[in-house]
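A.B. asks:
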């Protein structure tokens, strides 16, 4: 069956590699708040997610996206049936936008600010996966996958808030945080409105089963 995850991964890699050697492509697609404020280039909310700073940045994002995207997409297909792929793509696309709204509001006239990468949307997919599969084992840096998702999630959010406040590392931790939050919110709203599946109950039961299996 055709995979939206693989399609997004391929498109992102192709555009990112093109931008590595073409500064005009990079400048045209990057998230640059003044260009949005003054020239109404709203498309930058989306296009910045298809370019990356370097190969390591691209590889980390796409590996994380692939590892969670395939499972989340399958779950969407199961519950939403023929609408599954569309809903998965909608979550990813809106994740690109929502994760950068706080960043835009804070830097709308900051001529020195630029941001790029799919991290926010990837965080949405990762946290959708954690919400749907709370007992999934996750690794952290050099650690093997031993931390359950429902433990990793809060730790990641707390770390993102701390790093965003500290700043100084040229990483948009705010986008990571809001992307992650959006992934959970999107699952809660879409599943409750369009399916008979209750993701909140499923999450609670998943945590209970982890401790009392």
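Residue numbers (the working numbering): -6 to 206.
We put the beta carbon where it would ideally sit given N, CA and C, even for glycine.
As the structure is a prediction and not an experimental result, all values here were calculated from the model.
(1) Going by DSSP, what residues sit across from residue 141 in a beta bridge?
(2) Taking residue 87 as part of the alpha helix (DSSP H), name the residues at either end of that continuous run.
(3) Considering only the alpha carbon of each residue, which of 186, 55, 32, 25 lies closest to residue 10?
(4) Contact between the region 102 to 115 and the region 179 to 197: three or more CB pairs below 8 Å?
(5) DSSP state of residue 183, grouped into three classes?
(6) Residue 108 bridges to which residues according to DSSP?
(7) Pick from 65, 107, 61, -3: whose alpha carbon is nearest that of residue 40?
(8) Would you say residue 96 and residue 168 are within 8 Å of each other, going by their C-beta atoms?
(9) State the DSSP-derived secondary structure class of residue 155, mapped to helix, strand or coil.
(10) Using alpha carbons as the reference points, say which of 76, 172, 174 lies closest to residue -3.
(11) Tell me the residue span of the alpha helix (DSSP H) that contains residue 72.
(12) Please say whether residue 43 and residue 8 have beta carbons closer to each other than 8 Å?
(13) Would you mind working out which of 83, 131, 129 sits nearest residue 114, comparing C-alpha positions?
(14) Using CA atoms only, rank isn't needed, just tell me which of 69, 48, 51, 20 is closest to residue 37.
(15) Residues in the same chain with beta-carbon distance under 6 Å from residue 199, minus the five sequence neighbours each way, listed in chain order, please.
(16) Can you tell me whether DSSP reads residue 35 as helix, strand or coil?
(17) Excluding the 5 residues flanking residue 146 on each side, which residues of the same chain have their C-beta closer than 7 Å to its C-beta?
(18) So what does DSSP say about residue 194, is it helix, strand or coil?
(19) Report buried or exposed for residue 186, applying the criterion of at least 16 other Cβ atoms within 10 angstroms of its Cβ.
(20) With respect to the alpha helix (DSSP H) encompassing residue 100, which residues constitute its N-terminal and C-terminal limits?
(21) Tell me the rounded alpha-carbon separation between residue 202 and residue 61.
C.D. replies: The relevant details are as follows:
(1) Taking the chain shown and counting its residues from 1, one reaches residue 141 at position 148. Note: residue 141 sits in a beta bridge opposite 130.
(2) As a first step, residue 87 is located in the chain shown; it is residue number 94 there, counting from the start. 77 to 91 is the extent of the alpha helix (DSSP H) around residue 87.
(3) The sequence position of residue 10 within the chain shown is 17, counting from 1. When C-alpha distances from residue 10 are compared across 186, 55, 32, 25, the shortest belongs to 55.
(4) Fewer than three pairs of CB atoms, one per stretch, sit closer than 8 Å, so the region 102 to 115 makes no contact with the region 179 to 197.
(5) In the chain shown, counting from the first residue as 1, residue 183 sits at position 190. DSSP places residue 183 in helix when its eight states are reduced to three.
(6) The sequence position of residue 108 within the chain shown is 115, counting from 1. 24, per the DSSP bridge assignment.
(7) As a working mapping, residue 40 is identified with position 47 in the chain shown. Per the Cα distances, 107.
(8) Here residue 96 refers to the residue found at position 103 when the chain shown is read from its first residue. Here residue 168 refers to the residue found at position 175 when the chain shown is read from its first residue. Yes, they are a contact pair.
(9) Within the chain shown, residue 155 is the residue found at index 162, counting from 1. Secondary structure of residue 155 (DSSP, three-state): helix.
(10) The residue you call residue -3 lines up with position 4 of the chain shown. Closest option to residue -3, Cα to Cα, is 76.
(11) The residue you call residue 72 lines up with position 79 of the chain shown. That run of the alpha helix (DSSP H) goes 48 to 73.
(12) Residue 8 sits at position 15 when you count from the first residue of the chain shown. Residue 43 sits at position 50 when you count from the first residue of the chain shown. Yes, the Cβ-Cβ distance between residue 8 and residue 43 is below 8 Å.
(13) What you label residue 114 is simply residue 121 of the chain shown in a count that begins at 1. Out of 83, 131, 129, 83 has the C-alpha closest to the C-alpha of residue 114.
(14) Position 44 of the chain shown, counted from the first residue, corresponds to residue 37. Ranking 69, 48, 51, 20 by Cα distance to residue 37 puts 20 first.
(15) Indexing the chain shown from 1 puts residue 199 at position 206. Result list for residue 199: 127, 128, in chain order.
(16) Taking the first residue of the chain shown as position 1, residue 35 is located at position 42. Residue 35 falls in the coil class under three-state DSSP.
(17) Walking along the chain shown from the start, residue 146 turns up at place 153. Within the same chain, residue 146 has close Cβ partners 120, 123.
(18) Working through the chain shown from its first residue, we reach residue 194 at position 201. Residue 194 carries a helical assignment under DSSP once its states are collapsed to helix, strand and coil.
(19) Here the question's residue 186 lines up with position 193 in the chain shown. So residue 186 ends up on the exposed side.
(20) By one-based count along the chain shown, residue 100 stands at place 107. Residues 94 to 100.
(21) For the purposes of this step, residue 202 is taken as the residue at position 209 of the chain shown. For the purposes of this step, residue 61 is taken as the residue at position 68 of the chain shown. Across the structure, residue 202 and residue 61 are spaced so that their CA atoms are roughly 21 Å apart.
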